[in-house]
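**Student:** I have a structure I would like to understand better, so I am pasting it below and will then ask my questions one at a time.
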Amino acid sequence: MTELLELLAYPFVYRALIAGSLIAVCASVLGVILVLKHYSLIGHGLSEIGFASLSIASALGLPAMLVSTPAVIAASFVIMFVSQRFRTAGDIAIAVASSAALALGVLVSSLTGQTGAMNSWLFGSVLAVSQTDMIFAVLLSLAVMGVFVMLYNRLFLITYNDDYARSLGINTAMYQLIISVLTALVVVMGIRITGTLLISGIIILPAVTARRIAHSFISLVIVSGIVALVSFVLGLGLSFMINLPAGAGVILVNTILLILVRVIL
Amino acid sequence: MTERLNLSHAVIKYGEIRAIDDVSLTVSAGEFVFITGANGSGKSTLTKGIAGLLPLASGTITRTKRMSYVPQIEEADRNFPARVSEIVLTGTQGQGGFFYSIADKRRALRSMEELGIRNLAKSEICTLSGGQLRRVFLARALCGEPELLLLDEPCAGLDASSHKLLFSVLDRVRAGGCAVIMVTHDASDLEGIKADRVITLSHGRILE
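As you go down the protein sequences, you meet chains X and R in turn.
Sequential numbering of the first sequence, starting at 973, is according to this note's numbering.
Sequential numbering of the second sequence, starting at 782, is according to this note's numbering.
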């Protein structure tokens, strides 16, 4: 325990702890909407598109965030649109886009000799969290929380029944876009810590765990955020203790909590 | 008389199929219109078109903004984590604000009271029967104090007493100036209330 506390003296550790905790909480809050709307695979699809865009940005010598952020936001629009417009085709679109993007990312990384960087993008690295990332994570979490507080009643209705909201004259597409942009930003930020392969876990797992405990939308959002925070802190500690990649530690703790909740309740 | 709905030469298509074919309909304040027809005649498609859920391939629609729609089948997750009062309150969201006012909450209570579900306000929707859930959706529709109420097969799943209650509520709202369009495939539903007009649909067209 003392050793873990001593680790906080290292700037990269507290940066990872602060940025990671905030991103995990944001991801879990958005995850509630995605799980209830049956869009659970979106995070997975977006993360692999993020991976492809990171590979291309790196190959071209461009700033990673500058390329991957708009690419993932654009992809989230397309996936949400296809999922809504052609309900059954949504899963197919995600599967096609994610596998094609993963293949493209691997291809570009291999051809340009960036297999070392590829490993960090796939599995994440706490060392990758810079001061700027931490500031961005704070701003992102403020945006997510702000949207949830201001638009809570609308998000509740749209998540429950999009059609009914439209019949009331509510512009549901606009709210979907807001959710898409926030999800894309969380994915782009989260990739740096948990990696492409595990980011969808921090979006989905806390909401699935909370679903067993919470019986109203608001309590689901709160419990999901708490589960995400606890899982991130414990997972990060675990990853330092047994020398695991941070993402793996966080997802492992999330999965254990989910199993415990399923067994006990 | 104030018009609540004006549908002119409406066509709604599923691919190349004209599910609604050149339908015109005008409904005024306080009017009660029954739309009937066999399965597949286009009743639900027409209500979805009026509710703004399906686009018109051609024709025009003008309707009041204060419209409440009760669909035949709610396209929502029965296990959604929500309480009855939360669902009923959503009926007020057509009026613009992001937060519920005290007046909104009072209206929700009144609607639940009127439909006999006040005691279920704190119940989770996943614990309700089909009939109770229909009352919840009706209470939600009334909560928005609509000028046009659009009901798609509202009697389905209701027992005799709920049926009677529904018609007394509809009588009350039309007396207040709300136009009511009720879609039903069951002719016996017409016995409970005095309709101003009965329209029969067949193959997407109004039978003269």
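For every residue, glycine included, the Cβ atom is placed at its ideal position computed from N, Cα and C.
Computed from a predicted structure; not experimentally measured.
Helix, strand or coil: which one does DSSP assign to S789 of chain R?
**Tutor:** What you label residue 789 of chain R is simply residue 8 of the second sequence in a count that begins at 1. Looking at S789 of chain R - three-state DSSP - the assignment turns out to be strand.
**Student:** To the nearest angstrom, report how far apart V1119 of chain X and F1023 of chain X are at their CA atoms.
**Tutor:** Along the first sequence, one-based indexing puts residue 1119 of chain X at 147. Along the first sequence, one-based indexing puts residue 1023 of chain X at 51. So the two alpha carbons sit approximately 27 angstroms from each other.
**Student:** Would you please state the rounded distance, in angstroms, between the beta carbons of K903 of chain R and R864 of chain R? I believe it to be under 8 angstroms.
**Tutor:** Counted from its first residue, the second sequence places residue 903 of chain R at position 122. Counted from its first residue, the second sequence places residue 864 of chain R at position 83. Confirmed, about 6 angstroms.
**Student:** For T981 of chain R, I'd like the list of residues in its chain whose CB is within less than 6 angstroms of its CB, leaving aside the five on either flank, ordered along the chain.
**Tutor:** Taking the second sequence and counting its residues from 1, one reaches residue 981 of chain R at position 200. Excluding sequence neighbours, T981 of chain R sits near T817, G818, L988.
**Student:** Return the bridge partner residues of S983 of chain R from the DSSP annotation.
**Tutor:** If you number the second sequence from 1, residue 983 of chain R lands on position 202. Note: S983 of chain R sits in a beta bridge opposite R:R986.
**Student:** Determine, using beta-carbon pairs with one atom in the stretch 833-853 of chain R and one in the stretch 788-801 of chain R, whether at least three such pairs fall under 8 angstroms.
**Tutor:** Judged by Cβ distances under 8 angstroms, the stretch 833-853 of chain R makes contact with the stretch 788-801 of chain R, as three or more pairs qualify.
**Student:** D967 of chain R to P935 of chain R, Cα distance in whole Å?
**Tutor:** For the purposes of this step, residue 967 of chain R is identified with residue 186 of the second sequence, where counting begins at 1. For the purposes of this step, residue 935 of chain R is identified with residue 154 of the second sequence, where counting begins at 1. Those two C-alpha atoms are separated by around 11 angstroms.
**Student:** Output the boundary residues of the alpha helix (DSSP H) element that contains D1135 of chain X.
**Tutor:** Stepping through the first sequence from its first residue, residue 1135 of chain X is reached at position 163. Where D1135 of chain X is concerned, the enclosing alpha helix (DSSP H) stretches over 1134-1139.
**Student:** So, does the CB of Y1136 of chain X fall closer than 9 angstroms to a CB anywhere in chain R?
**Tutor:** As a working mapping, residue 1136 of chain X is identified with position 164 in the first sequence. Yes - at least one Cβ of chain R is within 9 angstroms of the one on Y1136 of chain X.
**Student:** Should S1211 of chain X and V1098 of chain X be called a contact, given that it needs their Cβ atoms to be closer than 9 angstroms?
**Tutor:** Residue 1211 of chain X sits at position 239 when you count from the first residue of the first sequence. Residue 1098 of chain X sits at position 126 when you count from the first residue of the first sequence. Yes, Cβ-Cβ distance for S1211 of chain X and V1098 of chain X is below 9 angstroms.
**Student:** If distances are taken between C-alpha atoms only, which option among X:I1163, X:R1183, X:Q1103, X:V985 comes closest to S1025 of chain X?
**Tutor:** On the first sequence, residue 1025 of chain X is found 53 positions in, with the first residue counted as 1. Looking at the Cα atoms, X:I1163 is the closest of the given residues.
**Student:** Along the stretch 1115-1149 of chain X, what residues have a CB closer than 9 angstroms to any CB found in chain R?
**Tutor:** If the cut-off is 9 angstroms between Cβ atoms, the stretch 1115-1149 of chain X has M1122, L1123, Y1124, N1125, R1126, F1128, L1129, T1131, Y1132, N1133, D1134, D1135, Y1136, A1137, R1138, S1139, L1140, G1141, I1142 near chain R.
**Student:** Compute the distance between the beta-carbons of G985 of chain R and R799 of chain R, then report whether it is under 9 angstroms.
**Tutor:** Within the second sequence, numbered from 1, the residue matching residue 985 of chain R stands at position 204. Within the second sequence, numbered from 1, the residue matching residue 799 of chain R stands at position 18. Yes. Within cutoff.
**Student:** Are there 16 or more other CB atoms within 10 angstroms of the CB of T873 of chain R, so buried, or fewer, so exposed?
**Tutor:** In the second sequence, the residue the question calls residue 873 of chain R occupies position 92. Buried, because 16 or more other Cβ atoms sit within 10 Å of the Cβ of T873 of chain R.
**Student:** Could you check how far apart the C-beta atoms of F813 of chain R and L971 of chain R are, in whole angstroms? I think they sit under 8 angstroms.
**Tutor:** To locate residue 813 of chain R, count along the second sequence from 1; it is residue 32. To locate residue 971 of chain R, count along the second sequence from 1; it is residue 190. Contact doesn't hold; Cβ gap of about 11 angstroms is too wide.
**Student:** For a cutoff of 9 angstroms on Cβ pairs, would you count R1183 of chain X as touching chain R?
**Tutor:** Along the first sequence, one-based indexing puts residue 1183 of chain X at 211. Answer yes: the Cβ-Cβ gap between R1183 of chain X and chain R drops below 9 angstroms somewhere.
**Student:** Name, please, each residue of chain R whose Cβ falls closer than 9 angstroms to the Cβ of L1154 of chain X.
**Tutor:** On the first sequence, residue 1154 of chain X is found 182 positions in, with the first residue counted as 1. Under the 9 angstroms cutoff, chain R gives no residues; its nearest Cβ is about 17 angstroms from L1154 of chain X.
**Student:** Starting from the beta carbon of F1053 of chain X, find every residue of chain A whose beta carbon is closer than 9 angstroms, and list them in chain order.
**Tutor:** This model lacks chain A altogether, as its protein chains are X and R.
**Student:** Measuring only between beta-carbons, confirm whether D952 of chain R sits less than 9 angstroms from chain X.
**Tutor:** Translated into the one-based positions of the second sequence, residue 952 of chain R becomes position 171. No, because no Cβ of chain X sits closer than 9 angstroms to the Cβ of D952 of chain R.
**Student:** Starting from the N-terminal side, write out each stretch of the alpha helix (DSSP H) that is 4 residues or longer and does not extend beyond the stretch 873-949 of chain R.
**Tutor:** List check, alpha helix (DSSP H) in window: 883-895, 911-924.
**Student:** Against L1170 of chain X, what residues of chain R qualify as contacts under a CB-to-CB distance less than 7 angstroms, listed in chain order?
**Tutor:** For the purposes of this step, residue 1170 of chain X is taken as the residue at position 198 of the first sequence. Ordered by position in chain R, no residue passes the 7 angstroms Cβ test against L1170 of chain X, which lies about 26 angstroms from the chain.
**Student:** Sort X:A1046, X:G1096, X:G1141, X:L1154 by Cα distance to L835 of chain R and report the nearest one.
**Tutor:** Here residue 835 of chain R refers to the residue found at position 54 of the second sequence. That would be X:G1141, whose Cα lies nearest to the Cα of L835 of chain R.
**Student:** Distance cutoff 9 angstroms, beta carbons only. Does P935 of chain R sit that close to anything in chain X?
**Tutor:** Counting from one through the second sequence, the residue named residue 935 of chain R turns up at place 154. No, its Cβ sits nowhere closer than 9 angstroms to a Cβ of chain X.
**Student:** If I measure Cβ to Cβ from S809 of chain R and keep anything under 8 angstroms in the same chain, skipping five residues before and after, which residues do I get?
**Tutor:** Locating residue 809 of chain R in the second sequence gives position 28, counting from the first residue. Same-chain partners within the cutoff: M782, T783, E784, R785, A960.
**Student:** Bridge partners for F815 of chain R per DSSP, in chain order?
**Tutor:** What you label residue 815 of chain R is simply residue 34 of the second sequence in a count that begins at 1. In the DSSP output, where bridge partners are listed per residue, F815 of chain R has R:M963, R:V979.
**Student:** Where does V1101 of chain X fall in DSSP's three states?
**Tutor:** In the first sequence, counting from the first residue as 1, residue 1101 of chain X sits at position 129. V1101 of chain X: coil per DSSP, three-state reduction.
**Student:** Look at the alpha carbon of A996 of chain X and the alpha carbon of R1234 of chain X, and state the distance between them as a whole number of angstroms.
**Tutor:** Taking the first residue of the first sequence as position 1, residue 996 of chain X is located at position 24. Taking the first residue of the first sequence as position 1, residue 1234 of chain X is located at position 262. Roughly 21 angstroms between the two C-alpha positions.
**Student:** May I have a chain-ordered list of the alpha helix (DSSP H) segments no shorter than 4 residues that lie completely inside the stretch 1104-1172 of chain X?
**Tutor:** Taking only runs of at least 4 residues, the alpha helix (DSSP H) segments lying wholly in the stretch 1104-1172 of chain X are 1124-1132, 1134-1139, 1144-1166.
**Student:** Using only the alpha-carbon positions, how far apart do F1204 of chain X and Q1148 of chain X sit?
**Tutor:** Position 232 of the first sequence, counted from the start, is the residue given in the question as residue 1204 of chain X. Position 176 of the first sequence, counted from the start, is the residue given in the question as residue 1148 of chain X. The alpha-carbon atoms of F1204 of chain X and Q1148 of chain X are separated by roughly 27 angstroms.
**Student:** Just reading off the alpha helix (DSSP H) that G840 of chain R is part of, what are its end residues?
**Tutor:** Here residue 840 of chain R refers to the residue found at position 59 of the second sequence. Run containing G840 of chain R: none in the alpha helix (DSSP H); it sits in the beta strand (DSSP E), 839-844.
**Student:** Chain R beta carbons: is any one of them nearer than 9 angstroms to that of L1002 of chain X?
**Tutor:** Taking the first sequence and counting its residues from 1, the one referred to as residue 1002 of chain X is at position 30. Output row for L1002 of chain X: interface = no.
**Student:** Which word fits A988 of chain X, buried or exposed, when buried means at least 16 other C-beta atoms lie within 10 angstroms of its C-beta?
**Tutor:** As a working mapping, residue 988 of chain X is identified with position 16 in the first sequence. The residue is buried, with at least 16 neighbouring Cβ atoms inside 10 Å.
**Student:** Please classify T826 of chain R as buried or exposed, where buried requires at least 16 neighbouring CB atoms within 10 angstroms.
**Tutor:** Start at 1 with the first residue of the second sequence, and residue 826 of chain R comes out as number 45. Buried, by the Cβ-count rule.
**Student:** Within 10 angstroms of its Cβ, does M1161 of chain X collect 16 or more other Cβ (buried), or is it exposed?
**Tutor:** Indexing the first sequence from 1 puts residue 1161 of chain X at position 189. That one is buried.
**Student:** Does the stretch 893-912 of chain R come close enough to the stretch 939-950 of chain R that 3 or more CB-CB pairs lie under 8 angstroms?
**Tutor:** The stretch 939-950 of chain R vs the stretch 893-912 of chain R: in contact.
**Student:** Does DSSP put K1009 of chain X in a helix, in a strand, or in coil?
**Tutor:** Here residue 1009 of chain X is taken as the residue at index 37 of the first sequence, counted from 1. Looking at K1009 of chain X - three-state DSSP - the assignment turns out to be coil, as it is neither helix nor strand.
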